[in-house]
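Sequential numbering from 10 applies to the sequence shown in the numbering used here.
Where a beta carbon is used, it is the ideal one built from N, C-alpha and C, also for glycine.
Owing to the predicted nature of the structure, the values given are computational and were not obtained by experimental measurement.
Before any comments, here is the structure.
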Amino acid sequence: MQKRIISIDNPYHLSVKDKQLLLKEKTSGQYRQTPVEDLGVVLLNHPQISLTQSIIQELMDQKVAVVFTSKNYLPVSMLLPLDSHYIQTERFNLQVRANEPLKKQVWQQIIKAKIINQSQMMRNMGKDQEAKALMQMAGDVKSGDSTSREAKAARYYWTKLFGADFKRERFGQAPNHLLNYGYTIVRASVARALAISGLLPTLGVQHKNRYNAYCLADDLMEPYRPFVDHQVISLALSYGSYDLELDKEIKAALINVLNADCHLNGQKRTLQSAILKSAQSLSLYYEGNTKKLVFPILEHYGNTTF
């Protein structure tokens with residue numbers, strides 16, 4: 010079942026009744042409600058939102074990721090269930106014992122998949138030569154990305170995507186704010202999928218920042234970033250600008266990236282479904298039951314040049 014992602018942007022009090030998320034608007038006193046079991050991610054985007062202990066517990070019981078964002082809509086915290094898989098301890102132990110060759114092989118597959126989707130993004134923009142160049146880089150990715158193909162591809166990709174003056178920065182010029190919000194959505198969905206698959210999102214294979222509790226989510230989401238990039242390009246085409254306010258409509262469009270079509274092992278799926286399959290394949294990799302991670306391929310949408 011496709012899970013819903015909801016963004017709460019105004020002062021609401023959140024509680025639970027009969028397994029329904031109740032949202033009481035603090036200014037008008039009006040109520041909204043939605044079944045908790047239908048939710049996958051809840052984004053809390055306002056400093057005056059309040060929650061009861063009961064709704065937090067219900068959200069965790071239903072394996073819903075809860076993301077707290079800053080005034081810039083950047084993630085500052087995330088809640089995930091601690092007990093979400095029947096052999097969770099076994100899989101945690103496999104992560105802890107994973108050796109460096111295994112981690113390097115995982116990272117190689119992640120980066121190769123990421124660059125392939127960056128190539129697909131170029132193809133969607135009608136830039137066939139750029140797409141070919143990126144496919145060449147993808148083919149050159151070594152174990153552990155020892156020759157830094159990811160960094161080389163990124164420099165090339167951003168220049169071709171948004172122009173020579175663009176810099177991918179957390180607080181940079183537009184459309185960085187749109188990318189940030191879209192990546193937050195995907196990151197939360199990946200972290201949730203990892204937890205459901207019995208993996209600890211903290212233990213990364215490449216990302217190892219001591220202050221980052223979601224290193225593995227940041228690893229596994231890399232091939233999914235071009236899907237957000239495509240959504241941002243599509244928004245710019247619709248509105249005629251990258252400098253868009255993150256209002257309710259724009260947020261909804263970025264959240265909708267999880268409903269985007271993709272191909273995974275020859276089958277059409279939504280991105281949200283593919284994320285769970287990727288997480289499950291990683292858990293099988295740790296167990297030694299597969300040597301191949303599964304990642305989706307960005308659909309060909311035709312020329313989307315802005």
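Reduced DSSP secondary structure (H/G/I, E/B, other) of residue i
i, result
"H22", "strand"
"H55", "coil"
"P305", "coil"
"K257", "helix"
"V45", "helix"
"P37", "Looking at the sequence provided, one finds Ser at residue 37 rather than Pro. S37: coil per DSSP, three-state reduction."
"D238", "helix"
"V150", "coil"
"K277", "strand"
"D137", "helix"
"Q66", "helix"
"T314", "At T314 the pLDDT is 49, less than 50, meaning the model places this residue with poor confidence; the figure from the coordinates comes in the next sentence. Coil, per DSSP."
"Q29", "strand"
"S247", "helix"
"S157", "coil"
Straight-line gap, residue i to residue j (C-alpha atoms, nearest Å)
i, j, result
"M150", "K33", "For the record, residue 150 in the displayed sequence is Val; it is not Met. One C-alpha to the other measures close to 51 angstroms."
"N19", "V241", "24 angstroms"
"L285", "K28", "24 angstroms"
"N126", "E109", "26 angstroms"
"P56", "L83", "13 angstroms"
"Q114", "G153", "6 angstroms"
"S63", "E296", "36 angstroms"
"V266", "A147", "24 angstroms"
"T98", "T211", "14 angstroms"
"T36", "Y294", "50 angstroms"
"T279", "G181", "30 angstroms"
"E139", "N185", "22 angstroms"
"T78", "M131", "31 angstroms"
"T314", "N218", "Its pLDDT being 49, under 50, T314 is placed unreliably in this model, and the coordinates cannot settle the point."
"L89", "V303", "23 angstroms"
"A245", "L307", "19 angstroms"
"Q71", "I65", "10 angstroms"
"I120", "L170", "18 angstroms"
"L263", "I14", "11 angstroms"
"L91", "L208", "10 angstroms"
"Y40", "R100", "41 angstroms"
"L111", "Q215", "11 angstroms"
"S157", "I124", "12 angstroms"
"V1", "V51", "Residue 1 lies beyond the range of the chain shown here (10 to 315); nothing can be said about it."
"L53", "R179", "20 angstroms"
"G172", "E258", "26 angstroms"
"F236", "D174", "22 angstroms"
"A288", "L31", "31 angstroms"
Neighbour flag for residue i against chain B, beta carbons, 8 angstroms
i, result
"L30", "Absence of chain B from the displayed structure is noted, only one protein chain being present."
Rounded distance between the beta-carbons of residue j and residue i, thought under 8 angstroms
i, j, result
"A74", "M87", "6 angstroms"
"E188", "Y165", "For clarity, residue 188 is Leu in the given sequence; the question names Glu instead. L188 to Y165, Cβ: 17 angstroms. No contact."
"T61", "S16", "Not really, about 20 angstroms apart at Cβ, beyond 8 angstroms."
"V85", "L68", "At roughly 18 angstroms, the Cβ-Cβ gap does not stay under 8 angstroms, so V85 and L68 are not in contact."
Check: residue i C-beta below 7 angstroms from any heavy atom of the ligand GTP
i, result
"D70", "The ligand GTP is not part of this structure, which contains no ligands at all."
Mind pulling the alpha helix (DSSP H) runs of 4 or more residues that sit fully within the stretch 167-227? At a cut-off of 4 residues, the continuous stretches assigned as alpha helix (DSSP H) that sit fully inside the stretch 167-227 are 185-205.
Could you say if the stretch 204-217 and the stretch 267-279 meet the contact criterion of at least three C-beta pairs nearer than 8 angstroms? Taking 8 angstroms as the limit for Cβ pairs, the verdict is that the stretch 267-279 does not touch the stretch 204-217.
Contact the stretch 244-257 vs the stretch 214-231: 3+ CB pairs below 8 angstroms: Segment contact: the stretch 244-257 against the stretch 214-231, fewer than three CB-CB distances shorter than 8 angstroms; contact not assigned.
Runs of alpha helix (DSSP H) wholly within the stretch 68-133 (minimum 4 residues, chain order): Qualifying alpha helix (DSSP H) stretches, in chain order: 97-106 and 109-133.
Does the stretch 189-198 come within contact of the stretch 227-243, defined as at least 3 CB pairs closer than 8 angstroms? With the cut-off at 8 angstroms, the stretch 189-198 and the stretch 227-243 touch.
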